[in-house]
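To start, the structure under review is shown below, and the notes come after it.
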Ligand code: NI
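Residue numbers (this note's numbering): 217 to 385.
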């Protein structure tokens with residue numbers, strides 16, 4: 217089932233997600249719906265608050281559905297190590313048409329649970345590392361505009377307000 221992706225400034229996007237404690241069928245159905253929604257929107261990452269569910273669940277797939285081994289489910293994820301820097305363009309499904317360069321760690325190590333509750337650790341670099349940091353930010357209620365320079369943030373907020381006035385947001 218394709219879920220509705222909410223846009224900025226929907227309050228749920230700024231709310232820290234609750235940890236997941238029940239790893240049941242309902243959770244796995246929700247995770248499957250998140251993948252379906254992300255593929256329909258052609259994203260490489262989606263966090264539960266973006267579908268108005270304030271829980272610490274995110275899905276990532278850099279192949280956008282082409283490689284099954286790229287499907288990653290991160291539940292209750294934490295970044296345990298960061299290293300280096302990268303400065304690349306980023307987008308967000310909750311900010312259609314907004315793209316901006318954001319500084320992130322080049323490499324991260326994360327710890328997370330899968331949809332069965334099993335803990336795992338994983339290292340990621342470049343785009344995957346960026347996706348993990350962006351999505352884990354969502355679970356903390358942190359949006360990528362807050363990671364922009366004040367000047368770029370202002371510029372993009374003005375662009376959004378203009379689109380809201382024109383009814384295109
Ligand atoms: Ni996002």
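Just so you know, even glycine gets a beta-carbon here, dropped at the ideal spot from N, CA and C. Because the structure is a prediction, the values reported are computed rather than measured.
What is the C-beta distance between residue i and residue j, in whole angstroms, given that I count them as a contact (C-beta under 8 Å)?
{"i": "residue 372", "j": "residue 314", "result": "5 Å"}
{"i": "residue 309", "j": "residue 228", "result": "Actually they do not touch by this definition, with Cβ atoms about 14 Å apart."}
{"i": "residue 324", "j": "residue 298", "result": "5 Å"}
In chain order, what residues of the same chain lie with their CB nearer than 7 Å to the CB of residue i, ignoring the 5 residues before and after it?
{"i": "residue 243", "result": "236, 331"}
{"i": "residue 369", "result": "361"}
Could you have a look at residue i and say whether DSSP puts it in helix, strand or coil?
{"i": "residue 319", "result": "strand"}
{"i": "residue 368", "result": "helix"}
{"i": "residue 254", "result": "helix"}
{"i": "residue 302", "result": "strand"}
{"i": "residue 338", "result": "strand"}
{"i": "residue 295", "result": "strand"}
{"i": "residue 274", "result": "strand"}
Please return the same chain residues whose Cβ sits closer than 6 Å to the Cβ of residue i, not counting the five positions on each side in sequence.
{"i": "residue 311", "result": "224"}
{"i": "residue 219", "result": "249, 253, 267"}
{"i": "residue 305", "result": "315, 317"}
{"i": "residue 239", "result": "332, 333"}
Examine the Cβ distances between the region 270-285 and the region 341-350 and report whether three or more of them are shorter than 8 Å.
yes
So, does the region 226-233 touch the region 355-371, judging by three or more C-beta pairs under 8 Å?
yes
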